[in-house]
């Protein structure tokens, strides 16, 4: 069971890091489209909107992955904390051998 939790936490962290790499990729590609003349023959008038769309898409993907990463950490912490609090409350209410 502990291995499964570690695997889920590792996978969650890996997906977060991969989304950071995708952010860098889309930002680089968007800047490449906007600031170079390589795409001027294919997109003479639409270079700027396409570049901005790529950059915004990268930031959107990163934000979604970040929120997912943080929410999963919060859920894991909430799963472990109530069990500990319930055990402490039960021991306080029903002390054994006192």
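In this note's numbering, the protein residues as written are 7 to 104. For each residue, glycine too, the CB sits at the ideal point set by N, CA and C. Since the structure is predicted, the reported quantities are computational estimates derived from the model, not experimental observations.
9 angstroms Cβ cutoff met for residue i and residue j
{"i": "residue 20", "j": "residue 64", "result": "no"}
{"i": "residue 25", "j": "residue 71", "result": "yes"}
{"i": "residue 115", "j": "residue 39", "result": "Any answer about residue 115 is impossible in this case: the structure gives the chain only from 7 up to 104."}
{"i": "residue 75", "j": "residue 22", "result": "yes"}
Exposure of residue i, with buried meaning 16 or more beta-carbon neighbours within 10 Å
{"i": "residue 84", "result": "exposed"}
{"i": "residue 87", "result": "exposed"}
{"i": "residue 79", "result": "exposed"}
{"i": "residue 32", "result": "buried"}
Three-state secondary structure assigned by DSSP to residue i
{"i": "residue 50", "result": "coil"}
{"i": "residue 45", "result": "coil"}
CA nearest to the CA of residue i, picked from the options
{"i": "residue 58", "options": "47, 36 and 81", "result": "36"}
{"i": "residue 34", "options": "48, 61 and 22", "result": "61"}
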